[in-house]
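Protein chains in written order, with my numbering: chain A, 925 to 1744; chain B, 14 to 71. Here a beta-carbon is modelled for each residue, glycine too, at the ideal position from N, C-alpha and C. Keep in mind that this is a model prediction, so the values were computed, not measured.
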């Protein structure tokens, strides 16, 4: 993919104007908290993708690049805020300049601008995951398996995989519900048909026997065979007038309804009780209800997302992925509510089926009532059926069930008042009808039986269709899950191998037996790690927080390697290296250098010693690192450049700004002396609050360094290396002379002088001071690699050296054979 | 370069060809849905799984 050559930032986040030269190499930015480091990362990310990760995702409601991307003093002038990146695109072997304004983040200016370059830049913009901040690390480690799966799938841009699985699952669930409904309807209409025919079972021979008995009365040919299109009333001349009421069948229909009414009080009793209990839980816990309501609302919204504009509130998001992630996070928060919702809807589905079956008995009775003009019972049935149909629609969502809560407690069927009496009256009316002639009876029997057969056939066809659809949906869902699991297993197997290897490399002997297991199952990702050979446990079970942080970095690197492979050429690590404890920093640098030699890391850290250790380990150099020593709202980050500090001071002196020059000098000395004290093992008097004055730190460093050069000279002498001995003694002598100069001039950079007597201090008075300190500081640096010198190990030094080893002195004395 | 999702979709559709529960018509419709850059919707899938049933079920 790409490497960064340089960045120029103007009025973005906390930066006013800043230019950094990355030289296509790994680059370190150090500085205290609040010095503007993350602003650089934000700017680079914005320049590459048009987004800023810190202004998107969870916990960033109300934040946006448009409103909060510009410097706070330029909020109303987003045109003033821009980032210019010089990017090297390896596959095109071209350097490209990309300028992106906050006012139009999706329209970068590209020079040169060709389709191939645009395509390469579009590919980069597709990978915001190249940026990793510390707050994101624990997303992979300390989350529930279901959330981890989503977090990692988000990082790997695998959301589509999960979305497809969910869509297939939802479709399958809907078709399962449709099948249940179709099954209930078929059963109800089969019952109605069987009741009408008065047969023991719906078997062809029994049906034909019942039908042929009537056909014989009418002189119609017997039906010998049963086919899919058999018509029971075949040959019957169908009258346009309303068919005569079949007294016998009407009595039977009424009896079926009466029987059902007799046991109606227990119909769906257990399901209704479960629903009532679950609804009580919701009533008792408002937060659960709120979570459920939000869930339903968000689910609906998520299903409607088709652009970066939220379908629920019309808010415009940076892109559709941000919006989807935001809505999914909301859904994840309501896992308990989800289980309750599933139980409620499952029981509601069963009640719905029972309503279908029960109201299936109404049709024939209603026709009889209409025929006889029994208006009261007719009206009662119509009203009751409408009521039950309405109630049935309550079975489709928790919100509707909540509104019908009372009905589940007090008998949901709600038989109308006096209904039994009305049914008895109707029965009496039917029985009072004169007996029909055998001919009329046979005619009405056949025509009614045909109508019921058609109803039953339709219901059976629908049920079969529902079965086929359900089977297809299940086959597709199961197949997709199997393929997904297999593919992700392969991916995670590779990731877990890399992750374990990185973590072992990072922790060395401490974790020689370390291994991890990533295990995906439908929608979730289990993650266990070995704890000192005692077995696999979740990362948070026994490992310290520091170790968990380290795991997060290693897992990120392993995932990125699998995601981008050779295209993993750039990564922005924002204060992430703090996750690596001090004992393993060199190993971390080695890991990056050896495992990712083709990746350019832009690394920020608030620990300047860490930054120096990156130099000592050869991950970066003086030219590929920068330190911010402070930040103000007017200036942005104040750069403590190793390279340019003396030029900066000179520039300030040329413009008469002695106070600025003195402040810069003091900051540099404080910065450099603290590094040297650490690297040389200096021994200032210990202070619990670590507030060391410059003078005491400098005295301690000089004293220690003179001691070290003395020992280096003694060592060289013992080994007979006269040239090394002379070199070490010369350095010690030179240091002593600088020491004298430093003591003379130090008063001038004393804090008290800075703040009290500048009015009487001229440029020419200060120049010798600067020269003296510049000469002094050169004693501690390598002229070749520009790095600070250091000793190894600090306690009993055996080597005094620099990173490139242009300076390299043995500190151990040659053993004296006579003393052995 | 195909994404992992595309690889999964491709293998899923290939394996589904062997399922007795999914006919060629449904498979063709599923291929179109998975090839579409838009998000897969449950409503569309339900339509696919319930399609052409009247011809199939006697």
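Here DSSP, grouped into helix, strand and coil, assigns residue 1287(A) to helix. Not a single C-beta of chain A is nearer than 9 Å to the C-beta of residue 44(B). Taking a contact to require three or more Cβ pairs closer than 8 Å, the region 1231-1245 of chain A and the region 1274-1281 of chain A do not qualify as touching. About 16 Å separates the Cβ atoms of residue 1222(A) and residue 1264(A), ruling out a contact at the 8 Å cut-off. A contact is defined here as three or more CB-CB pairs under 8 Å, and the region 1528-1542 of chain A meets this definition with respect to the region 1508-1517 of chain A. Of all C-beta pairs linking the region 1610-1618 of chain A to the region 1632-1651 of chain A, fewer than three are shorter than 8 Å, placing the two stretches out of contact. Counting only runs of 4+ residues, the alpha helix (DSSP H) found wholly inside the region 1155-1202 of chain A occupies 1171-1186, in chain order. Residue pairing by DSSP places residue 1001(A) in no beta bridge whatsoever.
Cβ neighbours of residue 1356(A) within its own chain (closer than 8 Å, five residues either side excluded): none. With 16 or more other CB atoms across the displayed protein chains lying within 10 angstroms of its CB, residue 1701(A) is buried. Within the same chain, 1056 come within 6 Å of residue 1480(A) by CB-CB distance, once the 5 residues on both sides are set aside. Here residue 1400(A) is near residue 1092(A), since their CB atoms are less than 9 Å apart. Secondary structure note for residue 930(A): it is in no alpha helix (DSSP H), and the uninterrupted beta strand (DSSP E) holding it is 926-936. According to DSSP, residue 1019(A) shares a beta bridge with 1012(A). By the C-beta density criterion, residue 1654(A) is exposed, having fewer than 16 other C-beta atoms within 10 angstroms. A straight line joining the alpha-carbon of residue 1160(A) with that of residue 1141(A) spans about 12 Å.
Residue environment analysis places residue 1193(A) among the exposed positions, since fewer than 16 neighbouring C-beta atoms fall within 10 angstroms of its C-beta.
By alpha-carbon distance to residue 1740(A), the top candidate from 1216(A), 1644(A) and 1528(A) is 1644(A).
Under the DSSP definition of a beta bridge, residue 994(A) partners with 936(A). Judged by their CB atoms, residue 1474(A) and residue 1430(A) are nearer to each other than the 9 Å cut-off. With fewer than 16 other Cβ atoms inside 10 Å of its own Cβ, residue 1237(A) counts as exposed. Beta-bridge annotation (DSSP): residue 1733(A) is paired with 1724(A). Taking the Cα of residue 1737(A) as reference, the smallest distance to any Cα among 1728(A), 1478(A), 1727(A) and 1723(A) is reached at 1723(A). Under the three-state reduction of DSSP, residue 1465(A) is assigned to helix. Assigned with DSSP and collapsed to three states, residue 1639(A) falls in helix. Chain B places no beta carbon closer than 9 Å to that of residue 1233(A), leaving this residue out of the contacts. The Cβ atoms of residue 939(A) and residue 1560(A) lie closer than 9 Å to each other. Residue pairing by DSSP leaves residue 1512(A) without any beta bridge partner. Leaving aside the five residues that flank residue 1570(A) on each side, the residues in its chain whose CB is nearer than 6 Å to its CB run, in chain order, 1698. The beta-carbon of residue 1422(A) is placed no less than 9 Å from the nearest beta-carbon of chain B. Beta-bridge pairing by DSSP links residue 1714(A) to 1725(A). Within the region 1722-1733 of chain A, no residue has its Cβ closer than 9 Å to any Cβ of chain B. With the criterion set as a beta carbon lying under 7 Å from some beta carbon of chain A, the members of the region 24-42 of chain B are 24, 25, 28, 29, 32, 34, 35 and 39, in sequence order. About 4 Å separates the Cβ atoms of residue 1544(A) and residue 952(A), confirming a contact at the 8 Å cut-off. Residue state for residue 1339(A) is assigned as coil, using DSSP reduced to three classes. For the 9 Å CB-CB criterion, residue 1502(A) and residue 1054(A) do not form a contact.
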